[in-house]
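Chemist: For the sequence shown, the residue numbers in numbering that gives the first Met the number 0 are 0 to 427.
From the three backbone atoms N, C-alpha and C, an ideal C-beta is built for every residue, glycine too.
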Amino acid sequence: MPSAAPSYRKRTMARDGYYSSVIQNVSGANQEEEIEYQRNKIFLGWTQLDEPYYIANRKEDVILLVAPRGAGKSFLLRSHMGRAYLGGCKCFMPIDTKAEYRTNNYADGIQSSLQKLMPGEYPQPIPTKMFMPAFLKQFYPSGVPAYNETFEFGFRDMSERAWCTLLNVDPDNDTEFPIIQDIAEQIQEGQINGWDGIIDFIDSDSVDAHPATKRKIRNKIKSAQKRRVLGDEYRDNPIDHLYRYDDNGKEKQGYVVVQNLMKSGNLPENAIEHQLYTGMMMEDIVNKLRDGTMTGPVITYIDEAHRIVPRNENTISKKMTIDYISQYRDLGVRVVLATQFPSQLPEQGVLNQVNKFIMPKKIDSADRKWILDKTDVFSFGDYQRDTWKDIFSEMGPYDVMVVNKNPRGDEKRWEIVTPASPLSRHKT
Ligand SMILES: Nc1ncnc2c1ncn2[C@@H]1O[C@H](COP(=O)(O)OP(=O)(O)O)[C@@H](O)[C@H]1O
Ligand SMILES: [Mg+2]
């Protein structure tokens, strides 16, 4: 079983939170054992034969983790994220509803009772920044906890697609969409300023639409304004923290970036704002990869994916996720999805593109069957259907089954994996 006694080696961190290149050997651990983290395959844990298991992180890989609450979803995502980061990937987690992906940037790794590391690995902080959208501040009368950086997007950050999501306009709606396009363009060109400017524009003759349509859009604008989602008071863009430039102007890895959406432990009802912000950040990642401001790979970890990529809505975050999977992989984007309700994700462009499924022992039996059917495991397995039951019942409480839909090279079609622990400690 996994080595419970890892080497304690410390990296010293510069004051600004970035690692210095100095690695201090604290316990005299064997230098040769040091792990080289890679960007294209991420150490995930151990097989039942006690061999290390790596999950591929190539451009064609789309991972879906299906698990109910308490089954170890966040543990596994943090584990993947930390090692992907050390392998050189940029990691973005747009939806943290419990502030649990927060890392203590100065404390050693995860608590020893949970520590399962590979020989040569050592617990270490993963430089992480947690951003909370300013529109959530209202839920913290005595102030937002200090580990959050507050930010908000403003008018000039809004794309056509973003306006559609904010105003709840379906881009396929032929009467409303052209008006939104005009508004977005006018704002980008600096012709319109502020909410009043938008209203005046709609009321003017420049917008050629039926009065009822105008009224409808005007109401949508007013209601968006009331929700105070856009502003310039806390101008910052979390994506700018995924990378940095060194003194020689060379682009480097920055922080793991997490968007904290915590409001008393639950995702608030106003999911539209989260979809909007997540989608806008996903757009920004693409723009920055395209113009060379930032280099890939960038992994977007979408936890609670059914909220951000809903089957039956047409929001910017869903569109961006589908576009990431279908168009932007060559730019260096990767997607890891996690949900407890896989049937609420869109089939076309998302579920039908997933090539790696991860499920814990504690999974709804219908979901398990769905995954096994979808990946054709039954027809390839060496086992009869009824012995699968034994395989699952022998899994440890936090073991996961990783199913490869299209195994390549020496990849197995499925494997039972005992997850490695996260490297970093959250909270304090
Ligand atoms: N692989 C694991 N090994 C040991 N304990 C685990 C493991 N995964 C999760 N746990 C324990 O279960 C708790 C809940 O896990 P978590 O990842 O938060 O679940 P989820 O996100 O699925 O609700 C963790 O705080 C941890 O104590
Ligand atoms: Mg969780």
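1. What does the alpha-carbon distance come out to for the pair S26 and C163?
2. Would you report the Cα separation of I415 and I271, rounded to the nearest angstrom?
3. Should K221 be labelled buried (16 or more other beta-carbon atoms within 10 Å of its own) or exposed?
4. Using only alpha-carbon positions, find the residue among L260, R234, Y36 that is nearest to M129.
5. Out of A337, K373, L113, S392, state which residue places its alpha-carbon closest to the alpha-carbon of V308.
6. Measure the alpha-carbon distance for M281 versus T386 and round it to whole angstroms.
7. Tell me where the alpha helix (DSSP H) around V308 begins and ends.
8. Relative to ligand 2, is the shortest distance from any of its heavy atoms to the C-beta of S420 smaller than 7 Å?
9. V61 and V399 - do their beta-carbons sit closer together than 8 Å?
10. Could you check the C-alpha separation between I41 and V228 for me, to the nearest Å?
11. From the DSSP output, read off the bridge partner residues of T127.
12. What separation, rounded to the nearest whole angstrom, lies between the Cα atoms of M157 and Y276?
13. Check whether the Cβ atoms of L288 and R310 lie closer than 8 Å to each other.
14. Residues near ligand 2, CB to any non-hydrogen atom under 5 Å, in chain order?
15. Is any heavy atom of ligand 1 found at a distance shorter than 7 Å from the C-beta of Y397?
16. Rounded to whole angstroms, how far is the Cβ of T46 from the Cβ of Y53, which I believe are closer than 8 Å?
17. Any heavy atom of ligand 1 closer than 7 Å to the CB of G69?
18. Which residues does DSSP list as the beta-bridge partners of C90?
19. Since A133 is in the alpha helix (DSSP H), which residue starts that stretch and which ends it?
20. On the CB-based measure, 16 or more other CB atoms within 10 Å of its CB, does R14 come out buried or exposed?
21. Name the residue from Y233, D204, L166, F154 whose alpha carbon lies nearest to the alpha carbon of E184.
22. Look up V334 in the DSSP assignment and say whether it is helix, strand or coil.
23. Between the C-alpha atoms of P421 and R306, what's the straight-line distance to the nearest angstrom?
24. Across which residues does DSSP place V65 in a beta bridge pair?
25. By the 10 Å Cβ neighbour count, where 16 or more other Cβ atoms means buried, how is D181 classified, buried or exposed?
26. With hydrogens ignored, establish whether the beta-carbon of F113 is closer than 7 Å to any heavy atom of ligand 1.
27. Are the CB atoms of Q127 and Y233 nearer to each other than 8 Å?
28. Please tell me whether, using a cut-off of 7 Å, the distance from the CB of A66 to the nearest non-hydrogen atom of ligand 1 is below it.
29. Please report the straight-line C-alpha distance between I324 and A133, rounded to a whole angstrom.
30. How is the beta strand (DSSP E) around L43 delimited, first residue to last?
31. Report yes or no: do the region 136 to 143 and the region 209 to 219 share at least 3 C-beta pairs separated by less than 8 Å?
32. Since V257 contacts D95 with CB under 8 Å, what's their CB separation in whole angstroms?
33. Helix, strand or coil for R155 per DSSP?
34. In this structure, how does DSSP classify Y53 when only helix, strand and coil are distinguished?
35. Once DSSP output is grouped into helix, strand and coil, what is the label at I357?
36. G395 to A70, Cα distance in whole Å?
Modeler: Answer, in terms of the structure:
1. Here S26 scores only 41 on pLDDT, less than 50, and its place in the model is too uncertain to base an answer on.
2. 37 Å
3. exposed
4. L260
5. A337
6. 43 Å
7. Premise fails: V308 is in no alpha helix (DSSP H) and is neither H nor E.
8. no
9. no
10. 37 Å
11. V255
12. 10 Å
13. no
14. K72, S73
15. yes
16. Between Y53 and T46 the Cβ distance is about 10 Å, and since that is not below 8 Å, they are no contact.
17. yes
18. I298
19. Taken as a continuous stretch (DSSP letters only), A133 belongs to no alpha helix (DSSP H), as it is neither H nor E.
20. Reliability fails at R14, whose pLDDT of 39 lies under 50, so the model's placement of it is uncertain and the value that follows must be treated cautiously. R14 comes out exposed.
21. F154
22. strand
23. 25 Å
24. T338
25. buried
26. The sequence shown places Leu at residue 113, not Phe. L113 Cβ: within cutoff of ligand 1.
27. The sequence shown places Thr at residue 127, rather than the Gln named in the question. Contact: no.
28. yes
29. 29 Å
30. 40 to 45
31. no
32. 5 Å
33. helix
34. strand
35. strand
36. 11 Å
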